[in-house]
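Offset between the sequence shown (1-based) and our numbering: plus 293.
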Amino acid sequence: SAIKNSGYKYPGQKIILNLSPADTKKEGPSFDLAMALGVLAASGQISGERLADYAIIGELSLDGQLQPVNGTLSIAIAAAKDQYKGIILPIANAPEGCLVNNIPVFAMKTLQQAIQFLEDPSSHQPFPVKTEFSIFEQLYDVDFADVKGQTYVKRGLEIAAAGGHNALMIGNPGTAKSMLARRFSTILPEMTREEALETTKIYSAIGALKNKQGLVTQRPFRSPHHTTSAAAIVGGGTIPRPGEITLSHNGVLFLDELPEFSRHVLESLRQPLEDHTVTIARANKTIQFPCRFILICAMNPTQHGRLENNPHSYHQMEKYLSRLSGPLLDRIDIHLSVPDLPVKDLFNKQSSESSLEIKKRTVAARQRQRNRLKNTGISTNAAMNFKLIRKFCALDKNSELLLKSAIEDLNLSARAHDKILKVARTIADLDGCENIQEHHICEAIQFRNLDKIRT
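1. Check this for me: beta carbons of Pro397 and Pro361, under 7 Å apart or not?
2. I'd like to know whether the C-beta atoms of Ala455 and Ala658 end up nearer to each other than 7 Å.
3. If you reduce the DSSP assignment to three classes, tell me which class Val362 lands in.
4. Which residue from Ser698, Ala721, Ala676 puts its Cα closest to that of Asn459?
5. By a C-beta neighbour count over all protein chains shown, 10 Å radius and 16 as the cutoff for buried, is Ile499 buried or exposed?
6. How close, in whole Å, do the beta carbons of Val545 and Phe582 come, if the pair is a contact with beta carbons under 8 Å?
7. Can you give me the start and stop residues for the beta strand (DSSP E) that Phe582 sits inside?
8. Between the Cα of Ser415 and those of Arg343, Pro620, Leu481, spot the shortest distance and give me the residue it belongs to.
9. Please report the distance separating the alpha-carbon of Phe640 from that of Asp439.
10. Hey, which unbroken runs of the alpha helix (DSSP H) at 4 residues or more fall wholly within the segment 519–575?
11. Helix, strand or coil for Ile671 per DSSP?
12. May I ask you to report which of helix, strand or coil DSSP gives Leu629?
13. Tell me the rounded alpha-carbon separation between Val332 and Lys318.
14. Closest to Val716 by CA distance: which of Glu731, Asp702, Asn704, Leu703 is it?
15. Verify whether the separation of the beta carbon atoms of Thr719 and Ile480 is less than 7 Å.
16. Which residues bound the beta strand (DSSP E) around Tyr347?
17. Residues bridged to Glu352 by DSSP?
18. Ordered along the chain, which non-local residues of its own chain (more than five positions away) have a Cβ less than 8 Å from that of Asn742?
19. Is there contact here, the segment 597–617 with the segment 549–560, by at least three beta-carbon pairs under 8 Å?
20. State buried or exposed for Tyr301, treating a residue as buried only when at least 16 other CB atoms are found within 10 Å of its CB.
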């Protein structure tokens, strides 16, 4: 219909279209435009001379109009890598395609326009390419200043944001755990162009870009319900699809009511938290999705909600915490006990510190990390491996004795030891200190609250 409604004849014989490679599953309408042009060229109605020079994508409606498709950014990057002369795509996908600055983007409204361009390339000018990436302050409708009190918890989340550390908040209902988590993104540094491109590719591939906009510049914040399946969290399906951890890439994954998630879901997070990629194996292929995110968790101390000051309630807390495995808790750098809010804090008229004020410190700390970690392939303290920890987290004698004593008293694992050093390094960066000092280690140890309970 699209061919006929564009003024051409559909061939009156059987047509075979070869889509290679044969072992790759093809789906979706992205091939419509290329197939229509191929049919017209094969039937001699248009010249096929320039078809191989361009990457061509687009869905065709019955009247020959071009409709937007998913995955434009990834296709444009691949086309630039393969040195095509340009990419022909629907005009609605142009803002996304033009993010790649080394391939001309030719945006079309109809099949007829695409044919006209192939007959005479001078008939259309390339879509303007965005060669600059402007970092600007994201506007949020929430702020850390909205939360009364909880200075200790805010400090822990500031450290988490500064160093890219995972954090767990544990406290009674109504202590602002969820409020704080939902404001965590407001104190994170803005995304770099590379991070924005990575995130945009993911959302483009699954059709989650809002109104087919260009670059995603706001860090993702994902908050799946505790009944969500492992496939939805980690990724999966007959045709593998990214899960919540990949949709959180370069952003935040918030798991509220952490122990209420199934044990299978929680244990499936262990490998992605360590490797920052998730591997999904199927009979005919294995796919890797990126998933570098900050994990923020919240939970009540007991299944019934509140922790009361009696032995039975403490036993309930230990039982509830047993739903979380030691290896999973070891992968969470910062454990925060969220106290009940005193009445005087609730009625305090003095304004709390704003997200912008906190963010200035986290941005400065991140810059110190980038300077120190340049040429290592990482940019945050949380991502340091054993070799980098030994290089950048050297301790003086007093700090070493303090850490050794804590490890023995709390029966900490080797991974917990490394987490303390990484957090201490971030605290030192927030303080503007070149070396880790004893009080940095002391504060980092205080953020291993659950280790004390489990001992």
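For glycine and all other residues, C-beta sits at the position ideal for the given N, C-alpha and C. Remember, predicted model here, so these are calculated numbers, not experimental data.
Taking the coordinates as given:
1. As a working note, residue 397 is residue 104 in the sequence shown. As a working note, residue 361 is residue 68 in the sequence shown. Result no, Cβ atoms of Pro397 and Pro361 do not sit closer than 7 Å.
2. Residue 455 sits at position 162 when you count from the first residue of the sequence shown. Residue 658 sits at position 365 when you count from the first residue of the sequence shown. Result yes, Cβ atoms of Ala455 and Ala658 sit closer than 7 Å.
3. On the sequence shown, position 69 is the one that residue 362 refers to. Residue state, collapsed to three classes: coil.
4. Taking the sequence shown and counting its residues from 1, the one referred to as residue 459 is at position 166. Out of Ser698, Ala721, Ala676, Ala676 has the C-alpha closest to the C-alpha of Asn459.
5. Along the sequence shown, one-based indexing puts residue 499 at 206. Exposed, because fewer than 16 other Cβ atoms sit within 10 Å of the Cβ of Ile499.
6. Residue numbering aside, residue 545 sits at position 252 when the sequence shown is read from its first letter. Residue numbering aside, residue 582 sits at position 289 when the sequence shown is read from its first letter. Rounded, the Cβ-Cβ distance is 17 Å, inconsistent with contact.
7. Looking up residue 582 in the sequence shown gives position 289. Residues 579–583.
8. Sequence index remark: in the sequence shown, residue 415 carries index 122 (1-based). Taking only the C-alpha atoms, the option nearest Ser415 is Arg343.
9. Mapped onto the sequence shown, residue 640 falls at position 347. Mapped onto the sequence shown, residue 439 falls at position 146. Straight-line Cα distance between these residues: approximately 13 Å.
10. 523–527, 537–540, 556–561, 563–568
11. Position 378 of the sequence shown, counting from 1, holds the residue named residue 671. Three-state DSSP puts Ile671 in coil, outside helix and strand.
12. On the sequence shown, residue 629 is found 336 positions in, with the first residue counted as 1. Three-state DSSP puts Leu629 in a strand.
13. Against the sequence shown, residue 332 aligns to sequence position 39. Against the sequence shown, residue 318 aligns to sequence position 25. So the alpha carbons of these two residues sit roughly 21 Å apart.
14. Working through the sequence shown from its first residue, we reach residue 716 at position 423. Of Glu731, Asp702, Asn704, Leu703, the residue nearest in Cα terms is Glu731.
15. The residue labelled residue 719 in the question sits at position 426 within the sequence shown. The residue labelled residue 480 in the question sits at position 187 within the sequence shown. Against a cut-off of 7 Å, the Cβ pair of Ile480 and Thr719 comes out as no contact.
16. Position 54 of the sequence shown holds residue 347. Start and end: 347–349.
17. The residue labelled residue 352 in the question sits at position 59 within the sequence shown. DSSP, once it has assigned bridges, lists Gln360 as partnering Glu352.
18. The residue given as residue 742 occupies position 449 in the sequence shown. So the list reads Ile463, His628, Leu629, Ser630, once near-sequence residues are dropped.
19. yes
20. What you label residue 301 is simply residue 8 of the sequence shown in a count that begins at 1. So Tyr301 counts as buried.
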